[in-house]
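Colleague: Below is one structure. I have some questions about it.
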Amino acid sequence: MGDVAGIEPTADSEDWWSLLGALDEPGRLGRAAGLEVPSSFDRAATQNRFDQLVKGLSKAFGCPLVGGHGPQQDAARFGVIRIPAEVTRTYDQQSGARLPLAVMLSNFGALTTCLPYRFGPAPDVGPTPPVHQEDYRRIEQVSAELQLRLVPEYILDAPYDGPNEWVFEPMEATWFRRFFDYL
Numbered sequence: 093m094g095d096v097a098g099i100e101p102t103a104d105s106e107d108w109w110s111l112l113g114a115l116d117e118p119g120r121l122g123r124a125a126g127l128e129v130p131s132s133f134d135r136a137a138t139q140n141r142f143d144q145l146v147k148g149l150s151k152a153f154g155c156p157l158v159g160g161h162g163p164q165q166d167a168a169r170f171g172v173i174r175i176p177a178e179v180t181r182t183y184d185q186q187s188g189a190r191l192p193l194a195v196m197l198s199n200f201g202a203l204t205t206c207l208p209y210r211f212g213p214a215p216d217v218g219p220t221p222p223v224h225q226e227d228y229r230r231i232e233q234v235s236a237e238l239q240l241r242l243v244p245e246y247i248l249d250a251p252y253d254g255p256n257e258w259v260f261e262p263m264e265a266t267w268f269r270r271f272f273d274y275l
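Counting with this note's numbering, you get residues 93 to 275 for the letters of the sequence shown.
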């Protein structure tokens, strides 16, 4: 994933590792609970949170955005909100073209993340350009207003070492894959 240049993390790394570790429930093959959703998952409350995130981002970026209904099947994320390139400041450093953004809501612990949406939301399809500071700040503000935690990319890029490593073998797993990707 790209990094956000010049933006200080809102929590220190140890706080993030502690939070992610606490949210990471051991899962079992054939059951969504623990892997795709936490055992205490409240679909209606998460859908409401997602709808509020869509509404807040629509206002922050000045255009109507679409959310949909979650959770996404076979994934640890509830949904993805795509912000069109025309309203972002994030750009491809090689071509200079503006890039759309993907804002994701996890099924776990009111976590969000954002990244440029070039080839899809998976971060391991190649180098991802950084999210522009202004875009990041708008997403961060909306997330905070809704009591959501915007997880920094450097945390999500780190190798996953939790109790569900067996799900990802033989692929290299990251914390992004654990909380925001297909499993």
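We put the beta carbon where it would ideally sit given N, CA and C, even for glycine. A quick note: this is a predicted structure, and the numbers were derived from the prediction, not measured.
(1) For the beta strand (DSSP E) containing V259, list its first residue and its last residue.
(2) Which of the three DSSP states is assigned to V195 in this structure?
(3) Go through its chain and collect everything with a Cβ distance to F157's Cβ below 6 Å, but skip five positions before and after it.
(4) Between the alpha carbons of V155 and S105, how many angstroms are there, rounded?
(5) For R135, which option in A114, L111, F153, Q164 has the closest C-alpha, if you only look at C-alpha atoms?
(6) What would DSSP say about D104, mapped onto helix, strand or coil?
(7) Taking C-beta to C-beta, are L242 and E232 nearer than 8 Å?
(8) For the segment 136-186, list the beta strand (DSSP E) runs that are entirely contained and at least 3 residues long, ordered along the chain.
(9) Would you mind working out which of T138, S198, L207, C206 sits nearest L127, comparing C-alpha positions?
(10) Whole angstroms are fine: how far does the CA of A189 sit from the CA of T220?
(11) To which residues of the same chain is L111 closer than 6 Å at the C-beta, ignoring the five residues directly before and after it?
(12) Given G212, which residues of its chain have a CB within under 6 Å of its CB, disregarding the five upstream and five downstream residues?
(13) Give the single residue among L238, S235, L275, R230 whose Cα lies nearest to the Cα of Y252.
(14) What are the boundary residues of the alpha helix (DSSP H) that L275 is part of?
(15) Quick one: grab the DSSP three-state call for L242.
Modeller: The relevant details are as follows:
(1) Reading the sequence shown from its first residue, position 167 is the one you call residue 259. First-last for V259: 257-260, but that is the alpha helix (DSSP H), not the beta strand (DSSP E).
(2) Along the sequence shown, read from residue 1 onward, the residue named residue 195 stands at position 103. Strand, per DSSP.
(3) Translated into the one-based positions of the sequence shown, residue 157 becomes position 65. Here the sequence assigns Leu to residue 157, which means Phe is not the residue at that position. Answer for L157: V146, L149, S150, I173, listed in chain order.
(4) Sequence index remark: in the sequence shown, residue 155 carries index 63 (1-based). Sequence index remark: in the sequence shown, residue 105 carries index 13 (1-based). With the sequence shown as reference, residue 155 is identified as Cys, and Val is not the correct amino acid for it. In a straight line, the C-alpha of C155 is about 34 Å away from that of S105.
(5) On the sequence shown, residue 135 is found 43 positions in, with the first residue counted as 1. When each option's Cα is compared against that of R135, the closest is Q164.
(6) Position 12 of the sequence shown, counted from the first residue, corresponds to residue 104. Coil.
(7) Sequence index remark: in the sequence shown, residue 242 carries index 150 (1-based). Sequence index remark: in the sequence shown, residue 232 carries index 140 (1-based). Taking 8 Å as the Cβ cut-off, L242 and E232 qualify as a contacting pair.
(8) 169-175
(9) Looking up residue 127 in the sequence shown gives position 35. Nearest C-alpha to L127: S198.
(10) Residue numbering aside, residue 220 sits at position 128 when the sequence shown is read from its first letter. Residue numbering aside, residue 189 sits at position 97 when the sequence shown is read from its first letter. If you take the alpha carbons of T220 and A189, they lie about 13 Å apart.
(11) On the sequence shown, residue 111 is found 19 positions in, with the first residue counted as 1. The answer is none, since no qualifying residue turns up.
(12) The residue you call residue 212 lines up with position 120 of the sequence shown. Residue placement at G212 cannot be trusted, given a pLDDT of 49 that sits under 50; what the coordinates show is reported in the next sentence. Answer for G212: no residue qualifies.
(13) Walking along the sequence shown from the start, residue 252 turns up at place 160. Among L238, S235, L275, R230, the Cα nearest to that of Y252 belongs to L275.
(14) As a first step, residue 275 is located in the sequence shown; it is residue number 183 there, counting from the start. Here L275 belongs to no alpha helix (DSSP H), and DSSP marks it neither H nor E.
(15) Here residue 242 refers to the residue found at position 150 when the sequence shown is read from its first residue. In this structure, L242 counts as strand in the three-state DSSP scheme.
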